[in-house]
Every structure is written in structure tokens, then in C-alpha cells.
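*Asks:* One structure, pasted below without further comment.
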Amino acid sequence: MQHPVTAPPVPERVRTLAALAAPTHVSVAGSGIPASAARGGVDATGRPVLLVGPAEVLHGLPPETLVTVDLTAVRAYGGVERPRGLLKVRGWTQPVPAAEARATAVAIAERCPDEDLFAVVEGGGPELVRVDVCQVVYLTGGESGVLDAEDYLAATPDPLLGAAERMVRHVNEAHRDRLAGTVARLTGEPVGDAWLWELDRYGATVRMGEDGLVRVPWPALAATPAALERALACLLCPS
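As C-alpha cells, this is what we get:
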């Protein structure tokens, strides 16, 4: 029997993190302008989209300015937001065309709500500037590396992402005792604190305490939300 794939391919995992991430900082390459706070989100193709007002660092700079945007994906547990991954997206700025501004703002608001996005929808407020990706540096857990634009943009987020995130929230709110019991059986050691950290069609990652991570692959790929829910149920309630 072929051993199951234990984790998503790197481009898919990075795109999944990007879909959940928010911009935190932007810096302009080759300039003396210090890095500054950034707002916005990530569009459906994986490109950062920034809200740029009169006081923002990108205001007034010409299109095709080379920038680096920091994206951070977090997981909230124990009342604290913990970083899941940091992505540094390097690329060239482009104004979002007026015909696309409304749809782009609405899509970003679903993940990264901001009052200024509603101003964009109404035809005013800050401009939207997106970044044409050149490369992506990723740092997540103990892994790091670089993806070129072709590999990053050709990948897509986990197709079960929405369902997976809902299941993660439910488990962490209601079933952490079962999760701790499962990890204790798998590791043979007592577990005092366990949280569901990542969930995807290939398996689940459980976080123990501050630094411990245990990856549990599914016996077979979970191709649908129902299959993912069954796999998770079997993890929490083994026969």
C-alpha cells in the first residue's frame, strides 16, 4: 500500500496561508523610505492588495514600483493570536482598475474587514494598489524557502479551506479534551494543552503548548468537506 502524502505541496500550503493572511508592512525597494504599516488583503489570485490613502507610503509613487509586502497568517487560541506563517511578497505595484475596484474591495472585506474598503465600494476613500508578484519568501513553523511567481500563482489554496477553518474553530471551542486524548494516545505521553492548528485535505496538525506540533495524515485524501469531517471525527473519536 502506498504511504499517504502527509502534507500539502508547498505552493498550495503557501497559497492557503496567503488566502488567510493580512498585510502588516510594506517597504519600497532601493529607497530610503522605512517600512511602514500596511492595510488591505489578498485577492483570489494570491496578489496582495493594499489600501493606499494620502498618508500611506505608496501614495504618489508611480506604478511598477518594486515593493515587498509582509503578509501574516495567525491562529487565535487561548485568547491570543499566534503567527502561523509569514510571507514576504516581492513585486511591482499596479493600480486596481476602476472597473475592478468594487469587486476587489468586497472580496478582501470578507477576510480583512476595514471601513475604508466600504468607502472604496461607494466610490471614494483610499485607492487600491495590488502587487504583481515576482517571488514569495515563506517562513512557517520550522520551514522556510522561496517560491517564484510562476509556482506561486499556478497553485491554489486548499479547496476545502472554508470548511476546514469552520471545523478548526469548532474543535478548539468545544472538543479540545478529545484532541488532547488523541495526541496522548499517538505520542504515548500526557498532553496538557492541545489545539487544532491546521486542517486540510491531507491531514491535521495539532499544536501542544507553545512549540510542539504533531502532524496526523489521513489514510486517504479527503476530497470533500464531508470526507474531511469524517476524517476529523475519526481522529477525535477513534474506535
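Counting from 35, one number per residue, gives the positions in the sequence shown under my numbering.
Built from N, CA and C at the ideal position, the CB exists for glycine as well.
1) From D192 to G66, what does the alpha carbon distance come to, in whole angstroms?
2) Below 8 Å between beta carbons: does that hold for T138 and L162?
3) Answer yes if the stretch 48-66 comes into contact with the stretch 143-152, meaning at least three C-beta pairs across the two stretches below 8 Å, and no otherwise.
4) For G112, which of T190, E244, P43, Y186 has the nearest alpha-carbon?
5) Using three-state DSSP, classify A265 as helix, strand or coil.
6) Between L270 and G237, what straight-line distance do the alpha-carbon atoms span, to the nearest angstrom?
7) Reducing DSSP to helix, strand and coil, say where V140 ends up.
8) Starting from G246 and walking both ways along the beta strand (DSSP E), at which residues does that stretch end?
9) So, using beta-carbon positions, are L120 and L181 closer together than 8 Å?
10) Mind reading off the beta-carbon distance from A189 to P82? Whole number of angstroms is fine, and I expect it under 8 Å.
11) Does DSSP put A214 in a helix, a strand or coil?
12) Report the partner residues of S70 according to the DSSP bridge assignment.
13) Name the one or two DSSP bridge partners that V155 has.
14) Have a look at the DSSP bridge pairing and note the partners of A107.
15) In the DSSP output, which residue or residues are listed as bridge partners for P82?
16) For a quick check, are the C-beta atoms of V62 and V91 less than 8 Å apart?
*Replies:* If we stick to the structure as given:
1) Near 38 Å, if we compare the C-alpha coordinates of G66 and D192.
2) yes
3) yes
4) E244
5) DSSP, read as helix, strand or coil, puts A265 in helix.
6) 13 Å
7) helix
8) 246-251
9) no
10) Wrong, their Cβ atoms sit about 16 Å apart, outside the cutoff.
11) helix
12) V60
13) None, per the DSSP bridge assignment.
14) Looking at the DSSP assignment, A107 forms a beta bridge with G119.
15) Within the DSSP secondary-structure output, P82 pairs in a beta bridge with V76.
16) yes
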